[in-house]
Every structure is written in structure tokens, then in C-alpha cells.
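Before any comments, here is the structure.
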Amino acid sequence: MNDEIRQLLEGVSKGTVTVEEAVLKLKRKPFDDIGYAKVDMHRKLRQGAAEVIYGAGKTPEQIIGIADTMRKNGQNTILITRLSEASAGVVEKAHPLRYYKDARCGVIGPIPDPDGLGTVVVATGGTSDIPVAEEAAVTALVLGNEVVRLYDVGVAGLHRTLAHLNEIMSAGVIIAIAGMEGALASVIGGLADCPVIAVPTSVGYGASFGGLSALLSMLNSCASGVSVVNIDNGFGAGYLANMINHMKRKEEK
Numbered sequence: 005m006n007d008e009i010r011q012l013l014e015g016v017s018k019g020t021v022t023v024e025e026a027v028l029k030l031k032r033k034p035f036d037d038i039g040y041a042k043v044d045m046h047r048k049l050r051q052g053a054a055e056v057i058y059g060a061g062k063t064p065e066q067i068i069g070i071a072d073t074m075r076k077n078g079q080n081t082i083l084i085t086r087l088s089e090a091s092a093g094v095v096e097k098a099h100p101l102r103y104y105k106d107a108r109c110g111v112i113g114p115i116p117d118p119d120g121l122g123t124v125v126v127a128t129g130g131t132s133d134i135p136v137a138e139e140a141a142v143t144a145l146v147l148g149n150e151v152v153r154l155y156d157v158g159v160a161g162l163h164r165t166l167a168h169l170n171e172i173m174s175a176g177v178i179i180a181i182a183g184m185e186g187a188l189a190s191v192i193g194g195l196a197d198c199p200v201i202a203v204p205t206s207v208g209y210g211a212s213f214g215g216l217s218a219l220l221s222m223l224n225s226c227a228s229g230v231s232v233v234n235i236d237n238g239f240g241a242g243y244l245a246n247m248i249n250h251m252k253r254k255e256e257k
């Protein structure tokens with residue numbers, strides 16, 4: 005059960021929230037149809053995290069309209085992924101937007117304080133992987149996680165990876181991001197005692213096939229505990245890391 009609903013029901017139990025107030029909040033429409041989008045207002049109830057706006061392919065005006073709807077329905081923090089700098093310039097005229105250029109992400113509203121079980125380590129094989137890594141890092145930050153960045157620690161210079169053993173071995177979740185042959189995920193997976201989320205990137209020369217070589221290498225990793233998301237999918241990795249980092253035993257709820 006979502007924490008927000010739990011707090012609502014606890015308020016009814018304690019008498020600080022009336023039954024009528026609770027019913028009204030629960031009766032809100034599950035989505036709001038604004039013509040070009042059906043904004044999911046119950047996403048946080050179902051999944052624990054509110055809907056995220058995918059900016060690619062949307063006009064700035066559409067993004068503004070979706071954000072308007074979210075804010076009117078009580079969503080204080082809104083993440084916009086794959087947002088171009090040009091679109092960000094338009095959106096920030098309508099909403100207080102913080103733009104992360106490397107990540108191509110925009111955030112409307114405050115960044116929440118971290119409340120996860122541990123740290124989310126975001127590691128890259130090379131500097132060219134940073135845009136995907138930043139998308140993952142910003143996603144994890146917005147969802148309430150402490151993030152540690154380890155950039156340019158690829159296996160072409162293994163000593164760079166080994167120089168960060170403390171961060172790797174103390175992490176709650178690790179996101180390993182690499183192009184080329186994608187070996188970083190296997191190396192980190194063999195060192196860490198936490199889940200490792202591998203992200204292949206489209207960085208590499210011709211035979212990397214736009215990230216396919218890294219994807220297949222990561223899928224065939226001999227290290228246990230390595231899962232793989234799609235090519236360049238930093239958002240998916242950051243979201244999954246958040247879910248893992250916020251897991252609780254059922255008896256604790």
C-alpha cells in the first residue's frame with residue numbers, strides 16, 4: 005500500500021481526517037483527459053511514484069499543459085525526461101523549472117530529501133556515457149535517493165574502478181553504464197553484494213552496432229545479480245534503482 009494512502013487511513017483512525025475528507029481524496033479521477041493526453045493521477049497510488057513526462061515528441065505547450073494538470077492535482081515535483089534545451093526555455097516561462105543539460109531532464113518543484121535504504125551508485129565506463137548516467141542520476145534524485153557518481157571508471161583502466169571499492173561495496177544499488185563491449189557491469193557485479201543494473205549505451209565504433217554489442221555482453225554477464233535495461237535507458241535504470249532502494253519488509257508496514 006502506498007505511504008500516502010496509509011497516512012490518510014491513519015488520519016481517519018486517529019480522527020485528524022474525517023471519513024468524508026478521505027472519501028473525497030480517494031474518489032479523485034484516476035486520470036484527467038486533457039485532449040492530447042490522459043494524465044495518470046493514480047500512478048503514485050499504484051506504483052509509489054508519480055507519473056513522469058516523456059518530453060521527446062511533445063511540444064513545449066503540451067508539456068506545459070500536462071504539468072499544469074499534475075500541479076493542480078497536487079503533484080509537487082514533476083520530472084520531465086528527454087527534454088530539449090529549447091523546449092526547456094519555453095516551459096520555464098510557465099513553471100519554475102530546473103534544467104539538467106547533460107541529463108536532458110527538467111524538474112518542476114523541489115527535490116525531495118533522500119529517504120531510501122542506502123545509496124544509489126551511478127558508474128560509467130567513460131565520459132561519453134555521462135548523458136545516460138545523468139538521466140539515471142537525476143531520476144534517482146527526484147525519486148528520493150542519495151546518489152553517488154563514479155564517472156570514467158571503465159575496464160580500459162581497471163585501477164580506476166578499484167580505486168572506488170568503498171563506494172561500490174557500501175552501495176544499496178549500483179547502476180553500471182557502458183558502451184563499447186559493456187564489460188563494466190560484469191566487473192562491478194563481481195565486486196558488489198547489492199543489485200547491479202546494467203545500462204548499455206550507444207557509444208562505440210562500428211561493430212558496437214549502436215549499443216547492441218554492449219547489450220548482448222551485459223545480458224550474458226557471468227556475474228550474478230546483474231539485470232539489464234534497454235540501450236541508453238538511463239531513466240529506466242534510475243527508476244528501477246529507486247524501487248529497489250525503497251523496498252521494505254511487509255511486516256514493517
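Counting from 1, position 198 in the sequence shown corresponds to residue 202 in the working numbering; the numbering is continuous, with no gaps. Note that the Cβ used here is the ideal one computed from N, Cα and C, for glycine as well.
Does the beta-carbon of residue i have 16 or more other beta-carbons within 10 angstroms, so that it is buried, or is it exposed?
| i | result |
| --- | --- |
| N149 | buried |
| M173 | exposed |
| S228 | exposed |
| E255 | With a pLDDT of only 46 at E255, under 50, the local geometry of the prediction cannot be trusted, and the value read off the model is given with reservation. Its Cβ having fewer than 16 others within 10 Å, E255 is exposed. |
| D119 | exposed |
| D117 | exposed |
| K62 | buried |
| N80 | exposed |
| F234 | The residue asked about is misnamed: residue 234 is Asn in this sequence, not Phe. Exposed, by the Cβ-count rule. |
| M251 | exposed |
| Y243 | buried |
| L101 | buried |
| G215 | buried |
Spatial neighbours of residue i within its chain, please: CB distance less than 6 Å, with the 5 preceding and 5 following residues excluded, ordered by chain position.
| i | result |
| --- | --- |
| E55 | D44 and R47 |
| N246 | A144, L147 and N149 |
| G129 | G158, A182 and L188 |
| M5 | The pLDDT assigned to M5 is 39, lower than 50, so where the model puts this residue is not dependable, and the model offers no usable value. |
| G15 | V21 |
| T131 | D156 |
Over what stretch of residues does the beta strand (DSSP E) that includes residue i continue unbroken?
| i | result |
| --- | --- |
| Y209 | Y209 -> no beta strand (DSSP E), and no H or E assigned at all. |
| E150 | E150 to L154 |
| Y40 | Neither: Y40 is in no beta strand (DSSP E) and is coded neither H nor E. |
| V124 | T123 to T128 |
Less than 9 Å between the C-beta atoms of residue i and residue j, yes or no?
| i | j | result |
| --- | --- | --- |
| G238 | T143 | yes |
| V203 | A187 | no |
| I84 | V94 | no |
| D263 | A98 | For the chain, the structure presents residues 5 to 257; residue 263 sits outside this window and is missing. |
| I134 | G113 | no |
| E138 | Y104 | yes |
| S221 | G193 | no |
| R75 | C109 | no |
| N249 | L121 | yes |
Which stretch, first to last residue, makes up the alpha helix (DSSP H) that contains residue i?
| i | result |
| --- | --- |
| A144 | I134 to V146 |
| I67 | P64 to K76 |
| E171 | L169 to M173 |
| S231 | Counting along the chain, S231 falls outside any alpha helix (DSSP H), though it belongs to the beta strand (DSSP E) covering V230 to V232. |
| T165 | L162 to L166 |
| A245 | G238 to N249 |
| L110 | One point to set straight first is that residue 110 is Gly, not Leu, in the sequence displayed. Careful: G110 lies outside any alpha helix (DSSP H), inside the beta strand (DSSP E) at C109 to I112. |
Report all residues from its chain with a CB closer than 8 Å to the CB of residue i; omit the five preceding and five following residues, and keep chain order.
| i | result |
| --- | --- |
| L162 | V191 |
Which whole-angstrom value is the C-beta distance of residue i and residue j, which I expect to be below 8 Å?
| i | j | result |
| --- | --- | --- |
| C198 | V177 | 6 Å |
| I38 | G19 | Not confirmed; about 37 Å, so no contact. |
| V126 | V151 | 6 Å |
| A180 | V207 | With a Cβ gap of about 14 Å, A180 and V207 do not count as contacting. |
| A189 | V230 | 5 Å |
| A140 | A53 | That belief does not hold up - the Cβ atoms of A140 and A53 are roughly 15 Å apart, past 8 Å. |
Who are the Cβ neighbours of residue i in its own chain at under 7 Å, not counting the five residues just before and after it?
| i | result |
| --- | --- |
| H168 | L154 and V157 |
| I67 | I57, G59, I84, S91 and V95 |
| V136 | I181, V203, T205, D236 and G238 |
| S212 | G183, M184 and A218 |
Is the closest heavy atom of the ligand ADP to the C-beta of residue i under 8 Å?
| i | result |
| --- | --- |
| S212 | Within the structure as shown, the ligand ADP is missing, as the structure has no ligands at all. |
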